[in-house]
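98 is the number that the UniProt record's numbering gives the last residue of the sequence shown; the numbers go up by one with no jumps. Report on the following structure.
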Amino acid sequence: MSQMTTRSKQHELDAKAAAGETVVPGGTGGKSLEAQQRLAEGRSKGGQHRAEQLGSEGYSEMGTLGGLSSNGADGAQVAEDRGVEIDTSKFTNKETTE
1 MSQMTTRSKQ HELDAKAAAG ETVVPGGTGG KSLEAQQRLA EGRSKGGQHR AEQLGSEGYS
61 EMGTLGGLSS NGADGAQVAE DRGVEIDTSK FTNKETTE
């Protein structure tokens, strides 16, 4: 791709972002192409860090709980209503604090 085409594409994406359109996956809320890229990177790193802290089991349990919440309903309440067991002890931070 030529440099002119790249700049044109970046300008087009920047204009779409300024109009409120999400042009980068995970960049929701950014008002420019660069802002959306930074938001997406930060969200990805945040998710990776959280997974490292909780471990795979805790991260999976938290995802189950989050997946049950809908339309403002609390995920814990929905789980209780449906009889779904959520082991909240797995939410404990794996990092040691001293």
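Each residue gets a CB set at the ideal place from its N, CA and C atoms; glycine is no exception.
Following the DSSP letters along the chain, one finds residue 45 inside the alpha helix (DSSP H) bounded by residues 33–68. Taking the C-beta atoms as reference points, residue 31 is found nearer than 8 Å to residue 18. Taking all protein chains shown into account, residue 27 has 16 or more neighbouring C-beta atoms within 10 Å of its C-beta and is therefore buried.
Under the DSSP assignment, residue 76 falls in the alpha helix (DSSP H) whose first and last residues are 75–82. Assignment of residue 12 by DSSP, reduced to helix, strand and coil, places it in the helix class. Out of 41, 92, 81 and 42, the CA that lies nearest to the CA of residue 60 is found in 92.
For residue 19, the secondary structure class from DSSP, reduced to helix, strand or coil, is coil.
Between residue 33 and residue 23 a beta carbon distance of about 6 Å is seen, short of the 8 Å cut, so the two are scored as contacting. The C-alpha of residue 76 lies about 8 Å from the C-alpha of residue 86.
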